[in-house]
Amino acid sequence: MADKPNDVQIIIKNLWKVYGKDPKRVFQKGLQDKTKEEIQNETGCVVGMRDINLEIRKGEFYILMGLSGSGKSTLIRALIRLIKSTKGSITINGDDITRMNADQLMKFRRKTFGMVFQHYGLLPHLTVLDNAAYGLKVRGVSKEVRYAKAREVLETVGLKGWEDYYPTNLSGGMQQRVGLARALANDPEILLMDEPFSGLDPLIRRQMQDELVELQSKLQKTIIFVTHDLHEALKLGDQIAIMRNGEVVQVGTPEDIVTQPADDYVQEFVQDASPAKVLTAGSIMSEVPVITYVWEGPKTALTLMRREKKKIGYVVDQKQRFLGVITAKELERLLSGEERFKTIPTSSIEVVDTVTEDVLIEDLFSIAPKNPYPIPVVDEKNKLLGRITNDHIFESISNNEGGSDV
Amino acid sequence: MFKFPEIVEIPLAQGIDKIMDWLLVYLDGFFDFIGMIILKVVMAFENLFLFLPWFVIILLVGLAGWKLIRSLKTGILFMILMLIIGTFGYWELSMRTLALVISSVVFALLIGLPMGIQMARSDRTERILKPILDGMQTMPSFVYLIPALMFFGMGKVPAMFATIIYAVPPVIRLTNVGIRTVDVEAVEAAKAFGATPRQILFDVQLPLAKPSIMVGINQTTMMALAMVVIGSMIGAKGLGMEVLLAISRIEVGRGFEAGISIVFLAIIIDRITHSFSESREKDSK
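Going down the list, the protein sequences come from chains A and B.
Under my numbering, the first residue of the first sequence carries the number 4, and numbering increases by one thereafter.
Under my numbering, the first residue of the second sequence carries the number 12, and numbering increases by one thereafter.
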């Protein structure tokens with residue numbers, strides 16, 4: 004996804020949530036190193052989150068993933084203090100939200116957050132327009148201003164014309180768009196999304212995911228997104244934190260998670276994840292064996308090719324920019340002809356499809372059969388970086404180790 | 012034969028009597044004040060109902076049946092029922108009964124809604140109130156007449172006092188349940204957007220709890236009607252008094268007419284208050 008600024012916006016430090024009577028006892032008794040079961044047996048308290056430490060950067064699409072009961076929903080609620088954490092700190096834009104009083108908290112929520120819920124959390128007695136404008140109403144924005152803004156965001160999420168309907172008239176996907184519009188109307192810095200697409204049909208879900216990706220590329224907000232769906236996590240996330248039993252087991256990019264699972268739990272989680280959806284062309288490409296410079300003569304090029312025992316060369320210009328492919332056969336034809344070539348003629352260079360480093364392997368499936376040669380990988384300036392053979396593709400999807408050393 | 016030992020005795024009755032004596036002596040002025048307010052309200056309703064010509068009221072009831080329940084047939088039926096009450100010769104008494112019921116309900120809501128809201132907000136209040144409400148609802152209704160009689164003497168005011176106490180539990184209970192069963196995410200959403208507790212109450216909780224609260228109001232109203240009839244035992248003029256007289260004189264026909272009138276009144280009030288909860292639900296769907 005787009006460029007990621009490096010400034011950290013949210014710092015979660017040693018965050019605990021313990022449910023039960025007088026939960027601070029757990030720490031006074033020094034039980035924090037015991038297991039969840041031991042703590043429960045000894046105090047009757049249930050650990051909801053245990054010693055969570057995370058850093059979330061501005062503009063990052065951050066996924067909290069885990070099965071139900073893993074503490075992911077607790078964590079996202081703790082961020083906005085719908086659930087009050089027992090111990091630890093959550094610093095957002097420099098302010099510790101766990102230490103705010105009710106008034107500060109309310110103001111902070113108004114200016115910082117937008118939240119989207121699994122079951123939409125819409126108000127059934129209000130129209131779509133009023134629902135979308137609700138966050139602004141809470142802030143005390145005047146009617147005209149908030150309706151104007153609400154209309155604008157409803158259009159952004161594709162609900163123009165539905166303003167005067169009631170939420171129950173809308174399908175699940177559309178209701179969630181209203182939920183998203185309501186969150187966006189506030190123009191929040193941080194968007195919290197609690198399993199927003201879990202209740203939707205698979206097709207609608209995919210469509211909403213795609214639209215969210217597109218929206219995010221425009222908005223560049225910090226998004227914290229809870230899901231139990233690995234594919235959703237891999238598709239959307241810049242960073243993924245995997246949670247289990249209230250603890251964070253692994254944090255990493257989608258690629259890290261799939262290629263280097265931290266433990267058996269994560270391994271099990273990702274085992275049915277197709278690497279094709281995660282690994283990028285850049286991670287499986289290998290060096291180009293024969294680079295043919297466009298100013299070389301056919302004879303030199305052919306000699307180099309023969310020495311490497313290859314049948315093709317990748318032609319680049321002075322700036323290493325990729326021009327196309329030339330075959331040994333074509334060079335032989337040039338040499339056997341009557342005309343003497345000082346350099347390789349443009350007409351002999353075969354133009355082929357290229358891909359950039361960040362293309363997913365999944366997308367190579369459609370390109371590979373059309374390309375008679377290994378697919379060249381280039382950067383955005385068309386500079387040749389490497390190439391991908393069909394073997395690379397097969398190997399990358401047949402084992403999770405990645406195919407970078409092939 | 013084993014007789015229960017008479018030495019073992021908990022003097023609860025005496026204790027309560029003592030408390031009542033104390034209240035009567037020291038809070039006399041307070042009860043006078045409450046009695047005055049109750050009387051003012053009920054008289055206002057009574058004067059209004061007796062001031063309006065009978066046909067206007069019948070028309071209004073018919074209109075309410077037609078518009079609120081959305082059925083012309085029901086509206087006409089209501090008008091016929093009211094006419095029958097009139098032909099029995101009970102028009103004035105039924106208007107007095109209606110005034111008692113409506114003003115009692117007004118007070119019951121003024122007390123019950125805030126209590127229900129408070130109960131929904133605090134688990135502790137709920138724990139304390141629940142057994143009290145259970146007790147109030149299982150207590151025979153006549154029992155309420157005794158303290159009412161002692162505080163306020165005979166007449167409308169004690170009857171209403173007893174009615175208010177007797178009729179208030181359902182609206183408290185259903186307001187509490189209604190608010191507690193509001194979609195958690197809707198409330199969380201409001202909180203997440205920085206809504207104040209007040210905004211959450213008026214924007215989210217009360218509107219979403221409305222159907223449940225309306226059912227509570229319906230039940231409270233019906234209970235108030237039942238109690239107002241009993242209240243005639245301590246001197247509240249109305250249809251109940253006719254039943255009481257018919258009993259003491261063993262006049263079956265008279266008692267039947269009065270009884271039927273009460274039933275008709277009950278049907279009309281029930282249908283109309285019931286329509287509040289239903290029509291709202293339909294609107295939001």
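Even for Gly, the Cβ is constructed at its ideal location relative to N, Cα and C.
Bear in mind the structure is a predicted one, so any value in this text is a computation, not a measurement.
- Per DSSP, residue 72 of chain A has no beta-bridge partner at all.
- Judged by beta-carbon spacing, residue 297 of chain A lies beyond the 8 Å limit of residue 328 of chain A, meaning their Cβ atoms are not closer than that value.
- Counting along the chain, residue 150 of chain A sits inside the alpha helix (DSSP H) bounded by residues 146-159.
- Annotation: Cβ neighbours of residue 137 of chain A in chain B (cutoff 7 Å, chain order): 204.
- The shortest C-alpha to C-alpha distance from residue 229 of chain A to any of A:201, A:197 and A:248 is the one to A:197.
- Counting the other Cβ atoms within 10 Å of the Cβ of residue 185 of chain A gives 16 or more, which makes it buried.
- Its chain contains no residue whose beta carbon lies nearer than 7 Å to that of residue 100 of chain B once the 5 sequence neighbours on both sides are disregarded.
- Per the C-alpha coordinates, the member of A:14, A:86, A:35 and A:36 positioned closest to residue 56 of chain A is A:14.
- Residue-level contact by beta carbon holds for residue 118 of chain A and chain B, with a gap shorter than 8 Å.
- Assigned with DSSP and collapsed to three states, residue 14 of chain A falls in strand.
- Annotation: the region 344-381 of chain A contains the following complete segments of the beta strand (DSSP E) (minimum length 3 residues), in chain order: 378-381.
- Residue 242 of chain A: member of the beta strand (DSSP E) spanning 242-247, first to last residue.
- When C-alpha distances from residue 375 of chain A are compared across A:301, A:393, A:361 and A:362, the shortest belongs to A:393.
- The region 72-92 of chain A and the region 239-250 of chain A touch, with no fewer than 3 CB-CB distances between them shorter than 8 Å.
- Residue-level contact by beta carbon holds for residue 128 of chain A and chain B, with a gap shorter than 8 Å.
- DSSP places residue 95 of chain B in the helix class (H, G or I) of the three-state scheme.
- Under DSSP, residue 253 of chain A shares a beta bridge with A:245.
- Within the same chain, and ignoring the five residues on either side of residue 81 of chain A in sequence, the residues whose Cβ sits closer than 8 Å to its Cβ are 18, 20, 52, 87, 88 and 93.
- Within chain A, no residue has its CB atom less than 8 Å from the CB of residue 35 of chain B, the nearest being about 44 Å off.
- Counting the other CB atoms within 10 Å of its CB gives residue 51 of chain B a total below 16, which places it among the exposed residues.
- For residue 197 of chain B, a Cβ of chain A is located within less than 8 Å of the residue's own Cβ.
- The region 145-154 of chain B and the region 185-201 of chain B do not touch, with fewer than 3 CB-CB distances between them shorter than 8 Å.
- For residue 128 of chain B, the enclosing alpha helix (DSSP H) has its first and last residue at 102-132.
- Checking the DSSP bridge columns, you'll see residue 283 of chain A partnered with A:363.
- Taking the Cα of residue 331 of chain A as reference, the smallest distance to any Cα among A:316, A:242, A:235 and A:106 is reached at A:316.
- Residue-level contact check: residue 96 of chain A does not touch chain B, since none of the beta carbons of chain B fall below 8 Å from its beta carbon.
- Burial check for residue 272 of chain B: the Cβ neighbour count within 10 Å reaches 16 or more, so the residue is buried.
- In this structure, the beta-carbon distance from residue 194 of chain B to residue 217 of chain B does not fall below 8 Å.
- For residue 141 of chain A, the residues of chain B that pass the 9 Å Cβ criterion are 201, 204, 205, 206, 207, 210 and 214, in the order they occur in the chain.
- Note on the region 231-275 of chain B: whole alpha helix (DSSP H) runs with a minimum of 4 residues are 250-260, in chain order.
- By a beta-carbon distance limit of 8 Å, residue 189 of chain A contacts residue 117 of chain A. Their separation comes to about 5 Å.
- With a threshold of 8 Å between beta carbons, residue 189 of chain A makes contact with chain B.
- Between the alpha carbons of residue 132 of chain B and residue 135 of chain A lies a gap of roughly 27 Å.
- Contact annotation for residue 67 of chain A against chain B: no contact, minimum CB-CB distance about 16 Å [criterion: below 8 Å].
- Within chain B, the C-beta atoms nearer than 9 Å to that of residue 110 of chain A come from 205, in chain order.
- Assigned with DSSP and collapsed to three states, residue 155 of chain B falls in helix.
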